[in-house]
Each structure stands twice: as structure tokens, then as C-alpha cells.
Amino acid sequence: MKLRSKDLLGLEHVEPDEITLILDLARDMKKIVLSNMKRVNYLQGRSVVTLFYENSTRTRVSFEFAAKYMGAHAVNVAVSTSSVAKGESLIDTGRTLDMMGTDIVVIRHSQPGAPHLLARNIQASVINAGDGMHEHPTQALLDMFTIREAKGGFEGLKVAIIGDIMHSRVARSNIYGLGKMGAKVYLYGPSTLMPPGIEKMGCRVCSSIEEAVDCADVVMGLRIQRERLKKALIPSTEEYSKFFGLDTNHLELARKDAIVMHPGPVNRGVEMTSMLIDSEQSKITEQVRNGVAVRMALLYLLAGRE
Amino acid sequence: MKLLIKNGTLITRDRTENNTDILIEDGKISRIGKNISGKADETINAEGLAVLPGLVDAHCHLRDPGYEYKEDIRTGSMSAAKGGFTSIACMPNTNPVIDNESIVRYVIDKARREAVVNVYPIGAITKGLQGNELAEMGRMKAAGIVAVSDDGRPVMQASVMKKAIIYAGGFGLPVISHCEDMDLAEGGSMNEGETSTKLGLHGIPSAAEDVMVAREIILSEYTHMPVHIAHVSTRGAVEMIRQAKKRGVPVTAETCPHYFTLTENACEGYNTNAKVNPPLRTQEDVEAVIEGLKDGTIDIIATDHAPHHFDEKNVEFELAANGMVGFETALPLALTYLVAPGILTLNQLADKMSSKPAEILKIDKGHIRPGADADMVLVNLGEEYIINPNEFLSKSKNTPFAGFKVKGRVKYTIVGGKIVYQDH
Chain L
28 MKLRSKDLLG
38 LEHVEPDEIT
48 LILDLARDMK
58 KIVLSNMKRV
68 NYLQGRSVVT
78 LFYENSTRTR
88 VSFEFAAKYM
98 GAHAVNVAVS
108 TSSVAKGESL
118 IDTGRTLDMM
128 GTDIVVIRHS
138 QPGAPHLLAR
148 NIQASVINAG
158 DGMHEHPTQA
168 LLDMFTIREA
178 KGGFEGLKVA
188 IIGDIMHSRV
198 ARSNIYGLGK
208 MGAKVYLYGP
218 STLMPPGIEK
228 MGCRVCSSIE
238 EAVDCADVVM
248 GLRIQRERLK
258 KALIPSTEEY
268 SKFFGLDTNH
278 LELARKDAIV
288 MHPGPVNRGV
298 EMTSMLIDSE
308 QSKITEQVRN
318 GVAVRMALLY
328 LLAGRE
Chain G
352 MKLLIKNGTL
362 ITRDRTENNT
372 DILIEDGKIS
382 RIGKNISGKA
392 DETINAEGLA
402 VLPGLVDAHC
412 HLRDPGYEYK
422 EDIRTGSMSA
432 AKGGFTSIAC
442 MPNTNPVIDN
452 ESIVRYVIDK
462 ARREAVVNVY
472 PIGAITKGLQ
482 GNELAEMGRM
492 KAAGIVAVSD
502 DGRPVMQASV
512 MKKAIIYAGG
522 FGLPVISHCE
532 DMDLAEGGSM
542 NEGETSTKLG
552 LHGIPSAAED
562 VMVAREIILS
572 EYTHMPVHIA
582 HVSTRGAVEM
592 IRQAKKRGVP
602 VTAETCPHYF
612 TLTENACEGY
622 NTNAKVNPPL
632 RTQEDVEAVI
642 EGLKDGTIDI
652 IATDHAPHHF
662 DEKNVEFELA
672 ANGMVGFETA
682 LPLALTYLVA
692 PGILTLNQLA
702 DKMSSKPAEI
712 LKIDKGHIRP
722 GADADMVLVN
732 LGEEYIINPN
742 EFLSKSKNTP
752 FAGFKVKGRV
762 KYTIVGGKIV
772 YQDH
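Chains L and G supply the protein sequences, listed in that same order.
Numbering (the numbering used here) for the first sequence: 28 to 333.
Numbering (the numbering used here) for the second sequence: 352 to 775.
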């Protein structure tokens, strides 16, 4: 079986059997990540470019390792956002990479839909590594891999996502992905950061943090950025942590075997206490490891399409 | 020069007459009646065609001077003619801005030389569209403007708008307001709602339009001076204008075809051809706009013809230019979406797309009667076709209506007794 599209732009249009395919393959890839010989030749002779218009360490490095562990040529192109307005257009940059023989372009961009624009205009496969507030499909896939490892499956699971839903591409991709696999997603956060109509995407908006985490199988926090203060969306990080931060008492409301997740980087003591981050139920560091495995699986599937 | 139109169905805002002949002499309508005989230099067999007063567009962008790569006065007028428009009023957001009499003269002179339809410039409300100092409305009126507007750039300071309404009113100039509270819009790029949430795009709340419409109604009522609300797109705006009119406030309002045909869903897939300001709203808003057209709350249909180069649309959604071309789709869309389902009669459509906009702009157009300028459009109401942007005469092809099936095709457009467009 293969992926249906040449690109991975989001989880909105990915089918459940494709998600299963990626996660199953990632299980094998994880063995390579855990081994002392992190070198296979699955992508030998292939080239992968990470084209990042936004700062990122973990996602970019994760993709770079994923490509290199499988023997691909991996090149990073870092572009400052300011050059978008005055410099070369995204399409022209993409076409240039195409002509150089790039097989897969991994793009992160502040503009929602930028990967879609690129994918429509170039031959290479495009992977969305985060586009504005829209989607971050590989993060959701690694979250789902982590959940499946811990829970064995998705059917009937309750996943609570707490925080700045409005600006979160991670939340959107998880809502799509988890929903497709049969899990139920519950959201909570400040009302100013709850985007209108989000429930239409297939999730439930709760009226308290307790309602969201009650009997949850997974409790996921999201990063809150200080810029939200300037936009008058929240008054202070102190008030935020008091009403919207996750602590061990919330975990007591969840299922005994609940796991704690966060896409990182974490503001310790703001959206989540250190007690929770470093607890035994926390999968936050494991998520990072799984990220490489999931991205290896995805690169493999996209490169092997023809 | 005599032109005879034979056996057409004459449709004006107040009557429909079958098998009617219209004789045009020296650019004016000389006779209307049955079986007009005699020699004409040219005869059009209008059997099976509707003959409407030439359409009048109170809101378009010709991009000339400054952005001739998108459109110019000649191509814009040809596009208008193909759409059945015989008189068009162009907005001042050119480069340089139409905010002084010399630019007004430039537009009028170039139109006289190159345009195939009547072109009426609209002057800026404020110098450079900056929203601060009043532009020289009196001198611009003497040079030929028919209205003032800072379209595309709302006059954010209420005190400036209040004085602009009073000053323009003193010259008998209509003020056309682009209603958008920029502060509430917060730089958004589509309607705020479930689609913007899904696409992760910054939204423009309908409240941004409503707040400004409320302000303009209050200022119009306070000053007793007319204000024309451009491109109404929200349920809230329709409702407030309806109530204001009941109180006798001298407000008039327009909407555009895209606000009675499309919703925010058209932006799905980051379709930049559906990016427009005000943004496409929800089904509820579309229904309110249609109801407003039906009950007369919305006086006219304008195109907001906004040509943009392909490269300005083939970019990231938030960076894409706002607007869509409209001349060549407005009439067929109105016929298909308003007349065919029985929302408006053909007579009401003739009013909203010709007679009434002429009245608002105070130009002597929109009539078919002896002595009137011979500006007319002949339409085959039964002809169905698929909208194909490659057939547009506009320099730009940015439309969300490509592939739409419509009914009603312009066959002839006549300006001052001259056939300026003929469908082959």
C-alpha cells in the first residue's frame, strides 16, 4: 500500500488506512533510531530539503536526522521571513529546488496554505512541517504514534487538549487525525483563544479544565506565547497558569493510566507544572524520539511512491 | 447615423413591452414603438432579445493611472461593454490617487480618447486616501467627478468622516463609504468563522463592517446628508440599513454579485480568487443580502470590478491581493441567481443595475425614452453558457466564477447609438 497523494499537507484529507500505514512503518523505523547503527540505505540517492521560513530546532533537526538515517542527501535552507516580502517568491524558490533534483521539500512557513501553494507548483513531494495556524501533520502523527504505543489503539479514547487552541496548528492536526481514528477530542482554553466554529472540525469545547480532563486517557498541553498579551488575548502568564495551566491535581481527575503530552518547547510552570512534565506519566521526551521515527516512515513512503 | 432595433422586448424599471422597435438618431433615442419603418443605416434584429437600459456601475477599479499591468481605461471599458455596462464610475485608489483635479482630468481625457463606454471618475474623500485632510472635492467636481470615496481605505476618524459628509453634501456629491473598522479587522484575510478557523487564517469579523455601517448611519442621520454604503456583505449591515431607511435616514446601499452568490467556503483550498474585501461571509449573510435586494433595503448592484495580475493571486493567501473582476460576470450572475429564482423581476434588475445607480450618481443615464442617450444592452435571456475567464476582455482573469453555469448572455452593447460590443 502507498500514500494516495504526492504530498502531506495536512491530516484533513488523509484516510485512516494511510495513518495506520505510517504508524506501522514508524514502529520499524523506531528500532533504527534506538539502535547503535543508525544507517540504512532506504533513501540512498534521494534528496530532501528542509525549507524553513520560521525558526525551529526540533522539527528541522528531526526531519534532517530522519532523512540522513536513511541515507538521503539532506540540505537545510533557512530563510528569514522578511525575505518573503522583498525576495524571491515561494513558487520560484520551489521551482529552483525542483530543478536541482529535490525529491522532497519539507516546508515550515508562517503563512497558512503556503505548503499547498508550493505543492501545486512543483514536482517534488511537499511535507507540511507547520503552516501558520493551520496544520502540523507530522507532529500530530508522532503524537498519535506515542498514544498508540501507550494505549494500543485509538477507539473510544478521550484526549484533552488544553491551551491556546486558536493559534495551534498542532491542535488542528490532532483533531483531524485522532477523530479519524476513533478517539474523542475535548478542548479547553481561554475563551479569547478558542476559535469560532472549531467544534465543526469534530471535537468538543469544554466549559472547564475539569470537564476536559475528567476520565481522560491523554492530557495534552499546548505552548502559550507571550505575544498573546500584547494582542489583549490574555492578561498575564500568571493568570494564565492559574486558570489554564495543567497541574498534578488535574491528572488525578484523569484515568489512572493517563499519559501527559506536550508538543514542546514547554514553558515550565506556565501551561504545565514541572511536576507534571517530569512525572512518570509524561511522554514529552518520548514524543521527540518518536518524531524521528514517524518522519522516517513518512519520507520513506513519499520517496517510494513511484 | 440611424440605428434601428427591431422587435426587441423592452425592459425598463417600470415597464415591459414586447415586439418593440427603437430608433436611434445621432446618439439619442428618437422613437419607440411598434413597426417603426423607414431607412436606417443599420438594423439590429432583436427578436428574442431583451433590451435594457445600459448598465451603470457605481463601483469599479480601472487601475489607471499607475497599475496599467492590471487594467487600463481602454481594456476596462471594453470589459465593461462586454458585460453590458455603458456607464462606469471608477474608484480613486490609483497611483497617483485621484485626489485632485489634474488626475480627474487625466482619467476623463483618456476615457474620451480610448474608452468605449462612459467613464465617471470618483474622487478621494481625503488627500492620498490617508484619512486626514479633505481632498479638493469642489475643484474635482468642477473637473467631472460624480462622487467621493476612499474605497479600500476606510476613513477611520469619525470626525473626518462627519466633516467629509457635510462638505461633500454642500457640493451635492454622494459620499461612498467602504465600511470596515480596520481595528476590528486586525489585518485578517477572510471572514472570521468556521472556515477561517479550519484554514488557520486570520479572520475579519462581520462586526468590523457592522460597526462602521452603524457609524455612517448615525453620521448621515445627524448631518441629514446622504451616505452611500458600498458593497454590503453582512446580515447586520442589511438590518441596520433597513431600520435607518424606515426612519428616513438618507442612506443608500449597494451589494455585489459575489455577496449574493458565494460564501466563505469559496476560500477552501486557499483559493485566492475568492479573497475579497469585505470578505465572503456565511450562508446566513448571503440570505440577508438577497432579502435586502428583494425588499429594497439594498438599492443597487455594483461590480466592485477589481482586476489583479495572476502573480498577485498566485501567492500565499494572506499575501494575495483583494478583489475579483466583475464586469463580465455581474449581469449573468444576477440573472441566474436573482431573476431566475424569482427574487427580482427583470424590471427590478434594470432598476438596480441601471436606473438607480444613475440616480445615486446623479447622471442622466438609465432611461430608455425618446430624447435619452442611446445607451442600451441587448440580452439573450435564454442562452446558457459556462463562465470562462480566458474569454474576458479585461486584462485580468481573477474570478472565483470560472466554470459556473449561467443563463443570459449580452449580445449587443450600445453607447451613444454606437454598437461598442457585439457577441459573435
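Beta carbons: idealized from backbone N, C-alpha and C, even for Gly.
Bear in mind the structure is a predicted one, so any value in this text is a computation, not a measurement.
- Judged by DSSP secondary structure, glutamine 71 (chain L) falls outside any beta strand (DSSP E); it is assigned neither H nor E.
- The beta carbon of threonine 548 (chain G) falls within 8 Å of a beta carbon belonging to chain L, placing the residue at that interface.
- Of the residues G:Glu615, G:Thr648 and G:Leu403, the one whose Cα lies closest to the Cα of glutamate 635 (chain G) is G:Glu615.
- Spatial neighbours of threonine 173 (chain L) in its own chain (CB-CB distance under 7 Å, excluding positions within 5 residues in sequence) are listed in chain order as Met288, Lys310, Glu313, Gln314 and Asn317.
- In this structure, the alpha-carbon of leucine 278 (chain L) lies about 41 Å from that of serine 152 (chain L).
- With a 10 Å radius around the Cβ and a threshold of 16 neighbouring Cβ atoms, phenylalanine 436 (chain G) comes out buried.
- By the criterion of at least three beta-carbon pairs nearer than 8 Å, the stretch 453-462 of chain G is not in contact with the stretch 703-716 of chain G.
- When the beta-carbon positions are compared, methionine 221 (chain L) and valine 232 (chain L) come within less than 8 Å of each other.
- Chain G places no beta carbon closer than 8 Å to that of glutamine 166 (chain L), leaving this residue out of the contacts.
- The stretch 539-546 of chain G makes contact with the stretch 620-638 of chain G; the number of CB pairs closer than 8 Å reaches 3 or more.
- Within the model, the alpha-carbon separation for threonine 219 (chain L) versus glutamate 115 (chain L) is close to 36 Å.
- If you ignore the 5 residues before and after methionine 491 (chain G), its C-beta comes within less than 6 Å of the C-beta of Glu452, Val455 and Gly474, all in its own chain and listed in chain order.
- Contact check for lysine 645 (chain G) and leucine 695 (chain G): beta-carbon distance about 7 Å, within the 8 Å limit, so the pair qualifies.
- Among the residues of the stretch 605-634 of chain G, those with a Cβ less than 8 Å away from any Cβ of chain L are Gly620 and Tyr621, in the order of the chain.
- Proximity of glycine 224 (chain L) to chain G, defined by a Cβ-Cβ separation below 8 Å, is satisfied.
- Around the beta carbon of proline 443 (chain G), 16 or more other beta carbons lie within 10 angstroms, which makes this residue buried.
- In the three-state DSSP reduction, methionine 126 (chain L) falls in the helix class (H, G or I).
- Put simply, of G:Lys549, G:Arg566 and G:Met576 the residue whose alpha carbon is nearest the alpha carbon of histidine 40 (chain L) is G:Lys549.
- Taking 8 Å as the threshold, the shortest C-beta distance from isoleucine 149 (chain L) to chain G does not fall below it.
- Under the 10 Å beta carbon count, glycine 216 (chain L) is surrounded by 16 or more other beta carbons and is classified as buried.
- As the crow flies, the alpha-carbon of leucine 689 (chain G) is around 29 Å from that of proline 472 (chain G).
- Residues of the same chain with a CB within less than 7 Å of the CB of threonine 394 (chain G), apart from the 5 flanking positions on each side, are Leu355 and Lys357 in chain order.
- Non-local C-beta neighbours of leucine 214 (chain L) in its own chain, meaning closer than 6 Å and more than five positions away in sequence, comprise Ile188, Ile192, Cys230 and Val232, ordered along the chain.
- At least 8 Å separates the CB of glutamate 487 (chain G) from every CB of chain L.
- In this structure, the CA atom of glutamate 642 (chain G) is about 31 Å from the CA atom of alanine 519 (chain G).
- For proline 43 (chain L), no Cβ of chain G is located within less than 8 Å of the residue's own Cβ.
- Between the C-alpha atoms of alanine 604 (chain G) and glycine 417 (chain G) there is a straight-line separation of about 29 Å.
- Residues of the stretch 663-679 of chain G that bring their beta carbon within less than 8 Å of a beta carbon in chain L comprise Asn665, Val666, Glu667, Phe668, Glu669 and Leu670, in sequence order.
- Residue environment: methionine 56 (chain L) is assigned as buried (16 or more neighbouring CB atoms within 10 Å of its CB, all protein chains considered).
- Taken through DSSP and simplified to helix, strand or coil, valine 562 (chain G) comes out as helix.
- According to the DSSP assignment, serine 453 (chain G) belongs to the alpha helix (DSSP H) that extends over 452-465.
- About 6 Å separates the beta carbon of leucine 273 (chain L) from that of leucine 303 (chain L), a gap short enough to meet the 8 Å contact definition.
- In chain order, Val666 make up the part of chain G whose C-beta sits under 7 Å from the C-beta of serine 116 (chain L).
- Phenylalanine 661 (chain G) and aspartate 305 (chain L) have their alpha carbons spaced roughly 52 Å apart.
- When the alpha-carbon of lysine 762 (chain G) is set against those of G:Leu403, G:Glu567 and G:Ser381, the nearest one is in G:Leu403.
- Across the set G:Gly434, G:Arg464 and G:Glu398, the C-alpha of G:Arg464 shows the shortest separation from the C-alpha of isoleucine 424 (chain G).
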